[in-house]
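A.B. asks: Please find one structure pasted underneath; my questions will follow.
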Amino acid sequence: MKNYWKFTFYQNDKEKIRYFHGTESKVGHRANRTTGDKKSLVILNKPHVQYLKQEKQVRFIEVR
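Numbering (the numbering used here), first residue to last: 5 to 68.
Here you go:
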């Protein structure tokens, strides 16, 4: 089942955030390939996703 995910990591002492839409295994694989420190992967709920898309105009990366 596909979920929306927030992936937070630190690269060169700067926080970076990526948003994904996909299954846990695919998103986890993508997160492991990313270089950086203090990686964090969190599932987002539907109301928060709608807020991010509409108000913050966040683009979600579709992981296949």
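In this text, a Cβ means the ideal position worked out from N, Cα and C, and glycines have one as well.
#1: In terms of residues, what are the limits of the alpha helix (DSSP H) holding R22?
#2: Taking the C-alpha atoms as reference points, what is the distance between K41 and K10?
#3: Within its chain, find whatever has a CB closer than 7 Å to the CB of L48; leave out the 5 residues flanking it on each side and keep chain order.
#4: Over what stretch of residues does the beta strand (DSSP E) that includes Q15 continue unbroken?
#5: By DSSP, does V53 sit in helix, in strand, or in coil?
C.D. replies: Working from what's here:
#1: Along the sequence shown, read from residue 1 onward, the residue named residue 22 stands at position 18. Careful: R22 lies outside any alpha helix (DSSP H), inside the beta strand (DSSP E) at 18-26.
#2: Residue mapping note: residue 41 aligns to position 37 of the sequence shown, counting from 1. Residue mapping note: residue 10 aligns to position 6 of the sequence shown, counting from 1. Sequence check: residue 41 is Asp here, not Lys. D41 and K10: Cα-Cα distance of roughly 15 Å.
#3: Along the sequence shown, read from residue 1 onward, the residue named residue 48 stands at position 44. Cβ within range, chain order: Y8, W9, K10.
#4: Within the sequence shown, residue 15 is the residue found at index 11, counting from 1. Its beta strand (DSSP E) spans residues 7-15.
#5: Against the sequence shown, residue 53 aligns to sequence position 49. Helix.
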